[in-house]
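These notes are about the structure you will find just below.
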Amino acid sequence: MLRFIYLLVFFLLTNSRQSSCLGYYWRVYIDGVVPSDAIIAGQKSDGVNIHIGQAYVQNQGLIPAEIFPGVKEVYVPINGIQKIDTNIKILCGYQQNLYWIATTSTSIKELLTKHTAVSGGHEDDGRGVLYVGRINYNKELIIGKITSFWEPVIDFNNNMTEEYAYFYEVLLVLDNKETVDRINKAGASAGISKIVYYAYN
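Here the UniProt record's numbering is used: the first residue of the sequence shown is 1, the next is one more, and so on.
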C-alpha cells in the first residue's frame, strides 16, 4: 500500500509540473466553486457552462469527468457510473492554449504522434494515460475519458449509464496558433469547413 501511495504522489507531482509547463493545470475543486481560470469545455443546451474535472476513484484511478458550476459531485464513467464527492480537481489554465479536434478510435493514435493531448488521468490497472474527450450526444455536449490502450474509445455518462463511442473530439494543447490555422486550412482544402475548435467552441 505504501508503494502505491508513493507512486501516486510521484505521478501527481510529475503530472502537475509537466502540465503547468504546457499551459494547463489541475486545481482542487471544493464546494461547487469554479475558479476564474477554469477551462470552459462548452455549454449544455440550457446555457450552463461545462468544465472538465478529474476525480480520484479508490483502487481505480484518476478519471476525467464533467463539472457544472454549483454542483459539488461528479459522475465518473468507470465500471458503470460512480458518484464522487471528494478528491476532485478542475482543469484550469489559459483558454486559448487548448483546442478540440475531431477524431476516431482508429485515427487518434496517429493524431497524437503530431499533437499533445491534455492528460486527463490514468486507470490503476497500468494500462496507460486517459485523455479528455467530448461528444455531442442527443444534442448535448458530454465530457468523457478516452483510453490510450486497446481500442481508444470515449466512455461517458449518459443519464447514469456508461456508454462508449468511436467518434469524438479530443482536447489538445496548442503549441502555437499557426498549428490550428494550418489544420483548418488543410481541412478546408479537403472540403471540411472547420475541424479544429478552440476550447470554448
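Virtual Cβ for every residue (Gly too), placed ideally from N, Cα, C.
Fair warning: this is a prediction, and the values are worked out from it, not measured in the lab.
Length of the line joining the Cα atoms of residue i and residue j
i: V173; j: A117; result: 6 Å
i: V33; j: N87; result: 14 Å
i: G47; j: A38; result: 17 Å
i: S36; j: E110; result: 34 Å
i: F149; j: L62; result: 16 Å
i: S20; j: R27; result: Low per-residue confidence applies at S20: pLDDT is 47, beneath 50, and the placement is therefore not dependable, though the value from the model is reported in the following sentence. Rounded to whole angstroms, S20 to R27 spans 11 Å at the Cα level.
i: K114; j: T106; result: 15 Å
i: H51; j: Y166; result: 22 Å
i: Y164; j: K72; result: 25 Å
i: I135; j: Q60; result: 23 Å
i: E140; j: S45; result: 6 Å
i: D76; j: N49; result: Correcting the residue identity first, residue 76 is Val in this sequence and not Asp. Taking the straight line joining both Cα atoms gives about 18 Å.
i: R17; j: L112; result: Only weak support is given to the placement of R17: the predicted model assigns it a pLDDT of 41, under 50, and the value that follows is read from those uncertain coordinates. Cα to Cα, the separation comes out at about 21 Å.
Residue closest to residue i, alpha-carbon to alpha-carbon, out of the options
i: E123; options: D175, N138 and P64; result: P64
i: D175; options: G128, Q96, T104 and T106; result: Q96
i: L91; options: F149, I40, N159 and K72; result: I40
i: N159; options: V74, T106, H51 and L62; result: V74
i: I78; options: E162, E169 and Y166; result: E162
i: Y24; options: I50, Y94 and Y56; result: Y94
i: E151; options: D46, G70 and G128; result: G128
i: G70; options: D85, I81 and Q60; result: D85
i: I81; options: Y166, D155 and A165; result: D155
i: S119; options: L112, G126 and V132; result: V132
i: L171; options: I101, S105, Y137 and I135; result: I101
i: L130; options: G42, Y56, Y137 and Y99; result: Y56
i: Q58; options: D125, L112, L98 and K72; result: D125
Cβ neighbour criterion (16 or more within 10 Å) applied to residue i
i: I67; result: buried
i: I108; result: buried
i: G144; result: buried
i: T147; result: buried
i: Q54; result: buried
i: T103; result: buried
i: E169; result: buried
i: Y6; result: Its pLDDT being 43, under 50, Y6 is placed unreliably by the model, and nothing is read from it.
i: I89; result: Going by the sequence as given, residue 89 is Lys instead of Ile. Buried, because 16 or more other Cβ atoms sit within 10 Å of the Cβ of K89.
i: I30; result: exposed
i: G42; result: buried
i: N138; result: exposed
Bridge partners - residue i, DSSP secondary structure assignment
i: F156; result: G144 and E163
i: R127; result: Answer by DSSP bridge pairing: none, since R127 is not bridged.
i: T104; result: F167
i: S36; result: S36 pairs with nothing; no bridge assigned.
i: P77; result: I81
Completely contained alpha helix (DSSP H) runs for the segment 39–66, where each covers 4 or more residues: Runs found: none.
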